[in-house]
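In what follows, a structure is listed as structure tokens, so that the remarks can point back to it.
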Amino acid sequence: MLAAVIGAGLAGAAAARALAAAGADVILFDKGRGPGGRLSTRRAETPLGPVRIDHGAQFVTAETPAFQALLDEAEAAGAAQVWDARLVSIDRSGGVEALRPKPRWIGTGGMNALVRTALAGFDVRFGARAQRLTGGPGAWLIHFDDARIEGPFERVAITLPPEQLIDLLARSDADFSGLIAEARAARIGPCWTVMGVHEAAFDPAFDGAQMLGGAIRWMARMNARPGLDGPECWVLQASPDWSRAFLEDEPETVARRLSEEAFIRFGLPEAVWRRAHRWRYALVEAAPGSPSALDASATLGVGGDWRLGPRAEFAWTSGLALGAALAA
């Protein structure tokens, strides 16, 4: 059986593993330049030298044996470890409290190391943006934006965010109205992320802080993370509400506003290099509640964290369920 997976993040990798375990030959397609999705690591040249910045998910936690097994596998491969850091919560009045102790895992040398581990051994084709599907059950063809056509595939797993999924299915020949309706009901909030490199060392007595109130929801020191040695580098992530309110602002305007708040609250110095990244689909706010869904023929299905909730582990859980359902 030849199967395609559209989307090569955690959910896509999990679906590929489940399909492969059932004997399928799997090809993954992703529009990005490399693995990661929201577990991405940005590489950049700055006036103070090269940096690697985790500008998406900051860490992952495991509550299920299946996801813990992936983290154990990544740790054994030298690609993951528990983050030993000073992590705090800061309330509106400035009160500081240590975050509840529990294993918080990060990718060694960058969060995308987790996804690379999950995808190891698979045929993954990056720079491939799927536009529509033709053919039919058991013989699906995938059309890409560069006019390529791949297939036929007996099974297709799609792990795109809802808006991208809707666009792909709506352009396709088959009736996917049920899947589209579920995707329309889901809601994923945005997140503006600012990355800054600073000439002087800056130590506010924490390495990562969950912020309550204000525009910034999370800030973290990248050079406090194993494998991300380099110049002083901080990430600021805005709250979904603030990000939604200023979603279409210019990146430099966003970078300035969030940097100013970090300076006012903590004295974060001016950056010698900074960039802003707009995650349009960052945090799940409303989900269908089931891990996956299939079309009427049970040869095409959808999954992703948007089906369960705002944690990386939910993406893995969803992908495993999707792959197993398609292989049944």
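When we follow this note's numbering, the leftmost residue of the sequence shown carries the number 82, and every step to the right adds one.
Note that beta-carbon positions come from the ideal geometry of N, C-alpha and C, so glycine has one too.
Since this is a predicted model, take the numbers as computed values, not measurements.
Just to confirm my understanding: we take Ser253, look at its own chain, exclude 5 residues before and 5 after, and list those with CB closer than 8 Å. What are they? Cβ neighbours of Ser253 within its own chain (closer than 8 Å, five residues either side excluded): Arg213, Leu214 and Thr215.
Mind checking whether Trp164 and Arg197 have CB atoms under 7 Å apart? Not in contact: Trp164 and Arg197 (Cβ atoms no closer than 7 Å).
Quick one: what does DSSP say Trp164 is sitting in, helix, strand or coil? Trp164 sits in coil when the DSSP states are folded into three classes, being neither helix nor strand.
How close, in whole Å, do the beta carbons of Arg133 and Gly190 come, if the pair is a contact with beta carbons under 8 Å? Confirmed, Cβ separation roughly 7 Å.
Test item: CB-CB of Val275 and Trp354 under 7 Å: Not closer than 7 Å, so no.
Relative to the alpha-carbon of Glu244, which residue among Ala377, Val365, Ala96 and Leu375 has its alpha-carbon at the smallest distance? Closest option to Glu244, Cα to Cα, is Val365.
DSSP bridge partner residues for Leu222 (one or two, in chain order): For Leu222, which the question treats as bridged, DSSP gives the partners Thr215.
What residue range is occupied by the uninterrupted beta strand (DSSP E) comprising Leu381? Leu381 -> beta strand (DSSP E) spans Leu381 to Gly384.
Taking C-beta to C-beta, are Leu83 and Phe225 nearer than 7 Å? It is not a contact, given that the beta carbons lie outside the stated cut-off.
Give the secondary structure of Gln139 by DSSP, where H, G and I count as helix, E and B as strand, and everything else as coil. Gln139 falls in the coil class under three-state DSSP.
Check whether the segment 258 to 276 and the segment 346 to 363 are in contact - that is, three or more C-beta pairs closer than 8 Å. Cβ pair count under 8 Å is three or more, so yes.
Buried or exposed: where does Thr145 fall if 16 or more other Cβ atoms within 10 Å of its Cβ makes it buried? Counting Cβ neighbours within 10 Å, Thr145 comes out exposed, since fewer than 16 surround it.
According to DSSP, residues forming a beta bridge with Ile108: Ala85 and Asp204, per the DSSP bridge assignment.
Best match in Gln139, Leu195 and Glu231 for proximity to Leu151 [C-alpha to C-alpha]: Taking only the C-alpha atoms, the option nearest Leu151 is Leu195.
How about Ala101 and Val107: are their beta carbons less than 7 Å apart? Between Ala101 and Val107, the gap from beta carbon to beta carbon is short of 7 Å.
So, for Ala336: in the same chain, excluding its five sequence neighbours on each side, which residues have a beta-carbon less than 6 Å away from its beta-carbon? Excluding positions up to five away in sequence, the list reads Val275, Arg355 and Ala357.
I'd like to know if Arg114 contacts chain B, where contact means its C-beta is closer than 7 Å to some C-beta of that chain. No chain B appears in the structure shown, which is made up of a single protein chain.
What do you reckon, are the CB atoms on Pro218 and Thr380 nearer than 7 Å? Contact: yes.
DSSP on Ser170, reduced to helix/strand/coil? Looking at Ser170 - three-state DSSP - the assignment turns out to be strand.
Ignore the nearest five residues each way along the sequence and tell me which others in Ala85's own chain have a CB closer than 8 Å to its CB. Hits under 8 Å: Val107, Ile108, Leu109, Phe110, Trp221, Ile223, Glu231, Gly232, Phe234, Arg236, Val237 and Ala238.
Give the straight-line distance between the Cα atoms of Ser378 and Ala409, rounded to the nearest whole angstrom. In a straight line, the C-alpha of Ser378 is about 12 Å away from that of Ala409.
Pull up the distance between the alpha-carbon of Gly348 and that of Val141, whole angstroms please. Cα to Cα, the separation comes out at about 28 Å.
Which runs of the alpha helix (DSSP H), 4 residues or longer, sit entirely within the segment 302 to 347? Correct list: 321 to 326 and 332 to 347.
Here's the rule I'm using: 16 or more other beta-carbon atoms within 10 Å means buried, otherwise exposed. How should Arg338 be labelled? Burial call: buried.
Measure the Cβ-Cβ separation of Val383 and Leu260 and say whether it is below 7 Å. In this structure, Leu260 lies closer than 7 Å to Val383 by Cβ.
Name the DSSP bridge partner or partners of Phe234? DSSP links Phe234 through a beta bridge to Trp221.
For Ala94 versus Ala199, is the C-beta spacing smaller than 7 Å? Against a cut-off of 7 Å, the Cβ pair of Ala199 and Ala94 comes out as a contact.
So the candidates are Leu91, Arg392, Thr122 and Glu263; which of them puts its Cα closest to the Cα of Arg306? Selection Leu91, Arg392, Thr122 and Glu263 evaluated against Arg306 yields Thr122 as nearest (Cα-Cα).
Report yes if the C-beta distance between Ala393 and Ala143 is below 7 Å; otherwise report no. No, these two residues do not count as a Cβ contact at 7 Å.
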